[in-house]
Amino acid sequence: MLRIDAINSFYGKAHVLRDLSFNVCKGHVVALLGRNGAGKSTTMKSIMQLVRPSLGKITFKDEDITGLPSHQIAKLGLGYVPEDRRIFTDLTVVENLLVGRQPPREGAVTWSQEMLFDLFPNLAERRNNRGKALSGGEQQMLTIARTLMGNPSFVLLDEPSEGVAPVIIEQMIKVIGQLKSEGLTVLLSEQNLHFAQAVSDSAVIIESGMKMFDGTLEALNSKPEIRDAYLAA
Amino acid sequence: MELFVAQIITGLANASSLFLVACGLSLIFGVTRIVNFAHGSLYMLGAYLGYTFMQVLPGALGFWSSILLAGVSVGVIGILVEMLVLRPVYKAPELFQLVATFGVILVIQDIALIVFGPEDLLGPRAPGLRGVFRVMGEPVPKYDIILLVITPIVALALWYLITQTRVGVLVRAATQDREMVSALGVNQAWLFTGVFGLGSALAGLGGALQLPKGGADLLMDFHILAPVFVVVVIGGMGSLPGAYLAAVIISVLNVFAVTYLPQSTLVLMFVVMIVVLTIRPYGLFGREEVAGEHGQVGEPERPIKPASPRVQLLTSVFILLLAMMPIYSASFSLVFTTDVLIFCLFAASLHFLLGLGGLVSFGHAAYYGGGAYVAALLVTHANTPMELAFLLAPLGAGIAALVIGWVCLRLTGVYFAMLTLAFAQLLWSLVFQWGEVTGGDDGIVNIWPSEWLKPTIVYYYLTLLFCVGGILLLRHIAHSPFGYALRAARDSKRQAESTGIDTRKIQLLAFGFAGFMGGLAGALFVFSKGSVFPNELEIARSFDALIVVFLGGVKTLAGGVAGGVFFKGIEDILLKFEYWRLVMGLLIIFVVVLAPEGIVGSLRKGAERLNLIKSKDM
Numbered sequence: 005m006l007r008i009d010a011i012n013s014f015y016g017k018a019h020v021l022r023d024l025s026f027n028v029c030k031g032h033v034v035a036l037l038g039r040n041g042a043g044k045s046t047t048m049k050s051i052m053q054l055v056r057p058s059l060g061k062i063t064f065k066d067e068d069i070t071g072l073p074s075h076q077i078a079k080l081g082l083g084y085v086p087e088d089r090r091i092f093t094d095l096t097v098v099e100n101l102l103v104g105r106q107p108p109r110e111g112a113v114t115w116s117q118e119m120l121f122d123l124f125p126n127l128a129e130r131r132n133n134r135g136k137a138l139s140g141g142e143q144q145m146l147t148i149a150r151t152l153m154g155n156p157s158f159v160l161l162d163e164p165s166e167g168v169a170p171v172i173i174e175q176m177i178k179v180i181g182q183l184k185s186e187g188l189t190v191l192l193s194e195q196n197l198h199f200a201q202a203v204s205d206s207a208v209i210i211e212s213g214m215k216m217f218d219g220t221l222e223a224l225n226s227k228p229e230i231r232d233a234y235l236a237a
Numbered sequence: 002m003e004l005f006v007a008q009i010i011t012g013l014a015n016a017s018s019l020f021l022v023a024c025g026l027s028l029i030f031g032v033t034r035i036v037n038f039a040h041g042s043l044y045m046l047g048a049y050l051g052y053t054f055m056q057v058l059p060g061a062l063g064f065w066s067s068i069l070l071a072g073v074s075v076g077v078i079g080i081l082v083e084m085l086v087l088r089p090v091y092k093a094p095e096l097f098q099l100v101a102t103f104g105v106i107l108v109i110q111d112i113a114l115i116v117f118g119p120e121d122l123l124g125p126r127a128p129g130l131r132g133v134f135r136v137m138g139e140p141v142p143k144y145d146i147i148l149l150v151i152t153p154i155v156a157l158a159l160w161y162l163i164t165q166t167r168v169g170v171l172v173r174a175a176t177q178d179r180e181m182v183s184a185l186g187v188n189q190a191w192l193f194t195g196v197f198g199l200g201s202a203l204a205g206l207g208g209a210l211q212l213p214k215g216g217a218d219l220l221m222d223f224h225i226l227a228p229v230f231v232v233v234v235i236g237g238m239g240s241l242p243g244a245y246l247a248a249v250i251i252s253v254l255n256v257f258a259v260t261y262l263p264q265s266t267l268v269l270m271f272v273v274m275i276v277v278l279t280i281r282p283y284g285l286f287g288r289e290e291v292a293g294e295h296g297q298v299g300e301p302e303r304p305i306k307p308a309s310p311r312v313q314l315l316t317s318v319f320i321l322l323l324a325m326m327p328i329y330s331a332s333f334s335l336v337f338t339t340d341v342l343i344f345c346l347f348a349a350s351l352h353f354l355l356g357l358g359g360l361v362s363f364g365h366a367a368y369y370g371g372g373a374y375v376a377a378l379l380v381t382h383a384n385t386p387m388e389l390a391f392l393l394a395p396l397g398a399g400i401a402a403l404v405i406g407w408v409c410l411r412l413t414g415v416y417f418a419m420l421t422l423a424f425a426q427l428l429w430s431l432v433f434q435w436g437e438v439t440g441g442d443d444g445i446v447n448i449w450p451s452e453w454l455k456p457t458i459v460y461y462y463l464t465l466l467f468c469v470g471g472i473l474l475l476r477h478i479a480h481s482p483f484g485y486a487l488r489a490a491r492d493s494k495r496q497a498e499s500t501g502i503d504t505r506k507i508q509l510l511a512f513g514f515a516g517f518m519g520g521l522a523g524a525l526f527v528f529s530k531g532s533v534f535p536n537e538l539e540i541a542r543s544f545d546a547l548i549v550v551f552l553g554g555v556k557t558l559a560g561g562v563a564g565g566v567f568f569k570g571i572e573d574i575l576l577k578f579e580y581w582r583l584v585m586g587l588l589i590i591f592v593v594v595l596a597p598e599g600i601v602g603s604l605r606k607g608a609e610r611l612n613l614i615k616s617k618d619m
């Protein structure tokens, strides 16, 4: 469904991604693993064209999306949940969701506000609070809910477990499972191996912007040396 | 008491157009982060177009339709400006877009002159609203009452649009993080265009609505600009209630000032602004501006390196050519070169502040004009010898800069810029209104250099010495520890402070020094022309320097000088034509769109791409 083909991305002169290639198949949850600074977030941003790869090609649903403006990529059904959440702090929860709203899309669940409040009950209670009044966990839920309002068929989840309490992590695991059962494809970047193992079908490990491993979780578990070399303990 | 109430009503009515124009500007800034200098021009177009429609459409219905039509037409013009001029430069470094809007000002000035002619137009009275109402026995024009009603209605409609509709939600979201809005599937390009169109329409509406009270003339674009910026800043950039409250405060105070203290009218609003910003650094309802929070952090600043031997050689040859100029050229070109050199020093002093300090001053003319006036006043009132006045002028400007900088440096970003503008205007108004001392509009004349400096050639060498010396000194400081500290404070104030740099002191010194050099340019100017007028302190003069620095390239050391030569050179050629503003404006827009890094920056990028130079040169 998503094909990343030898992309190279730069921040100024820093070469962050080097000939990175991998695929994500429809209906799968793929974990993108790696240490801090390995290039996980840059990969996500490159897919959304928030960082423009200078070389390489990205195709989504057989369409070349390299060089497209971000909003057109989102309109194709790619939802992006940024690592730093980036909720609109001056807007209420309901207004945040309103920004994410897109017309229904064929082949994807059409989310309503109420469905999302069922999925994230905490948000329902705080629907008229401003973003800045929310806790870190609530903000994390809001940013996911906001992206789901766009009825995506594919979600890029950038480090959803970062900086949130363990109970929230458990809740996230449940939510991702639920999204998967509804047919959503997910690319998830993580440092938390436990979290990744709980939700994903396969994993891609990157280090210094290069791919070190690409395979199922069973394959990864059978190679502890890879895990030890490229992932934090 | 009766008079008091009547005056409040007049003030509130006057606030009407001011609010409309200001909230348009505020809206545009909030979403697009563009400081739209051309907003006054859109207001002027609204007045002219409204007047034109009123000539054709009869009666009360015609009058009000004309006002609406003017608003809509100006909205469409705004959309065209946004799509043709601003869209290509959104990616450019912050504030660069204001150069493009300056180009638009020039273009609109000449188009208005061509289409509507040079005569001031007296606004038609509103049909059916000619008389006055009696409020507690005092006459209040009927039209004022109507304005009093219209403004809250427009404000409410805007409030509804912003708070209660999805478009409004998107606008507010984009104000905070436009990249994220785009990643959620919203085409921000159209959002920007829409907001720019709406803001322009409000300016047009404001221009047309004030017709019965004022009229239309070719100066109203610059005249409204200062009050509008003051209102937006006092209210807090991006805040509509703030803009309304500020418009009311300024207008009401102004009405009282006209009655009780007429000398204060020009200064008053700037005093209010300075007071408000001193107490609330982000305006009444504003929010702190955090650099980069809007998803538009540009490329990191390049480190600067001392000139390579090749560049040093080129510069030396260039200076030598300048030094030998009296041998091979006529005296009028010496006079012209003197002008260019002075302007380059002025631009370089601002560039020092802007490029190295990251301190965007919108009022640098205060020190240039200030230096010129210090010298002129000393010569006229204290019979000071020219040489002494010449040396004291930059000192005076430098001290003024230290005082003004001390107040302004409490603020950052656009608020800082606006406060520097306010102080420049304050100085201008002082000079303009304090006729007994400064000569007011008539300026100060007969300020000639001493006998031995009088010949054109000698004065040329004096200018060359001080300008080249000054520019080299500014450049040298960029490479000194002080320059390092200044750049550190620019790039990361907090980190600089944690390494033990007193950033405020460094920035204040830089501000004072830039003022000193600006004053030196001013002193050279006044003795070369023999006279000085208030327009050397005007907004337009500050903008000249600003445009030049941006055009030349903020992020390059040579930017100020290159821009200065380019600007003055072009101006000299264009001034011979009747519609030079039109050509100049188009040229500026052209350069902005073609070379978003400024002239030097874009040349460097181009050369790097062709592998002509390595990135360490220049």
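Chains as they are written, first to last, in the numbering used here: chain A, 5 to 237; chain B, 2 to 619. Glycine is no exception: its CB is placed at the ideal position from the N, C-alpha and C atoms.
Counting only Cβ pairs nearer than 9 Å, list the residues of chain A close to residue i.
{"i": "Leu171/B", "result": "Leu102, Val103"}
Can you tell me where the alpha helix (DSSP H) with residue i in it begins and where it stops?
{"i": "Glu498/B", "result": "494–499"}
{"i": "Tyr462/B", "result": "457–479"}
{"i": "Thr93/A", "result": "Segment: none, Thr93/A is in no alpha helix (DSSP H) and carries neither H nor E."}
{"i": "Thr130/B", "result": "Strictly speaking, residue 130/B in this sequence is Leu, with Thr absent from that position. Segment: none, Leu130/B is in no alpha helix (DSSP H) and carries neither H nor E."}
{"i": "Ala248/B", "result": "241–261"}
{"i": "Val190/A", "result": "Careful: Val190/A lies outside any alpha helix (DSSP H), inside the beta strand (DSSP E) at 189–194."}
{"i": "Val601/B", "result": "599–610"}
{"i": "Val196/B", "result": "189–210"}
{"i": "Leu427/B", "result": "414–434"}
{"i": "Ala515/B", "result": "504–530"}
{"i": "Leu70/B", "result": "60–82"}
{"i": "Ile114/B", "result": "Looking at the sequence shown, residue 114/B is not Ile but Leu. Taken as a continuous stretch (DSSP letters only), the alpha helix (DSSP H) holding Leu114/B covers 98–117."}
For a contact defined as C-beta to C-beta under 7 Å, what are the partners of residue i on chain A?
{"i": "Gly554/B", "result": "In chain order: nothing, as chain A lies at least about 18 Å away."}
{"i": "Ala167/B", "result": "The residue asked about is misnamed: residue 167/B is Arg in this sequence, not Ala. Residues of chain A passing the Cβ test: Leu102."}
{"i": "Asn188/B", "result": "His75"}
{"i": "Ala174/B", "result": "Phe92, Leu95, Val103"}
Quickly, what does DSSP pair residue i with across the bridge? List them, please.
{"i": "Lys215/A", "result": "Ile210/A"}
{"i": "Gly83/A", "result": "Val159/A"}
{"i": "Val141/B", "result": "Phe134/B"}
{"i": "Tyr368/B", "result": "None; Tyr368/B has no bridge partner."}
{"i": "Tyr15/A", "result": "Ala18/A"}
{"i": "Arg7/A", "result": "Asn27/A, Thr63/A"}
Considering just the uninterrupted stretch of the beta strand (DSSP E) at residue i, what are its terminal residues?
{"i": "Lys61/A", "result": "59–64"}
{"i": "Glu229/A", "result": "Counting along the chain, Glu229/A falls outside any beta strand (DSSP E), though it belongs to the alpha helix (DSSP H) covering 228–234."}
{"i": "Asp23/A", "result": "18–28"}
{"i": "Leu278/B", "result": "Note, Leu278/B: premise wrong, no beta strand (DSSP E); alpha helix (DSSP H) at 266–280."}
{"i": "Ser18/B", "result": "That residue, Ser18/B, is in no beta strand (DSSP E); its alpha helix (DSSP H) goes 3–33."}
{"i": "Val33/A", "result": "33–37"}
Quick one: measure Cβ to Cβ for residue i and residue j, integer angstroms, because I've assumed they're closer than 8 Å.
{"i": "Arg39/A", "j": "Leu191/A", "result": "That belief does not hold up - the Cβ atoms of Arg39/A and Leu191/A are roughly 18 Å apart, past 8 Å."}
{"i": "Ile29/B", "j": "Gly200/B", "result": "4 Å"}
For residue i, which residues in chain B fall below 7 Å Cβ to Cβ?
{"i": "Leu54/A", "result": "Glu180, Ala184"}
{"i": "Tyr84/A", "result": "Ala184"}
Under 9 Å between beta-carbons, which chain B residues line up against residue i? List them in chain order, please.
{"i": "Thr189/A", "result": "Near Thr189/A there are no residues of chain B at all, since even the closest Cβ is about 17 Å away, more than 9 Å."}
{"i": "Ala78/A", "result": "Ser183, Ala184, Leu185, Gly186, Val187"}
{"i": "Gly154/A", "result": "Leu185, Gly186"}
Could you work out which residues of chain B lie near residue i, taking near to mean beta carbons separated by less than 8 Å?
{"i": "Arg150/A", "result": "Leu185"}
Does residue i come within less than 8 Å of chain D when only Cβ atoms are used?
{"i": "Glu118/A", "result": "This model lacks chain D altogether; the protein chains it does include are A and B."}
Against residue i, what residues of chain A qualify as contacts under a CB-to-CB distance less than 8 Å, listed in chain order?
{"i": "Gln110/B", "result": "None at all; the shortest Cβ gap to chain A is about 35 Å."}
State whether the stretch 74–87 of chain B contacts the stretch 43–51 of chain B, with contact taken as three or more CB pairs (one from each stretch) at a distance under 8 Å. yes
Count the C-beta pairs between the stretch 550–568 of chain B and the stretch 595–606 of chain B that are closer than 8 Å, then say yes if the count reaches three, no if not. yes
How about the stretch 59–67 of chain A and the stretch 165–180 of chain B: do they share at least three Cβ pairs that are nearer than 8 Å? no
Do the stretch 40–50 of chain A and the stretch 8–27 of chain A make contact, defined as three or more Cβ pairs closer than 8 Å? yes
Are at least three pairs of beta-carbons, each pair with one atom in the stretch 73–88 of chain A and one in the stretch 184–202 of chain B, less than 8 Å apart? yes
Report yes or no: do the stretch 209–222 of chain B and the stretch 65–76 of chain B share at least 3 C-beta pairs separated by less than 8 Å? yes
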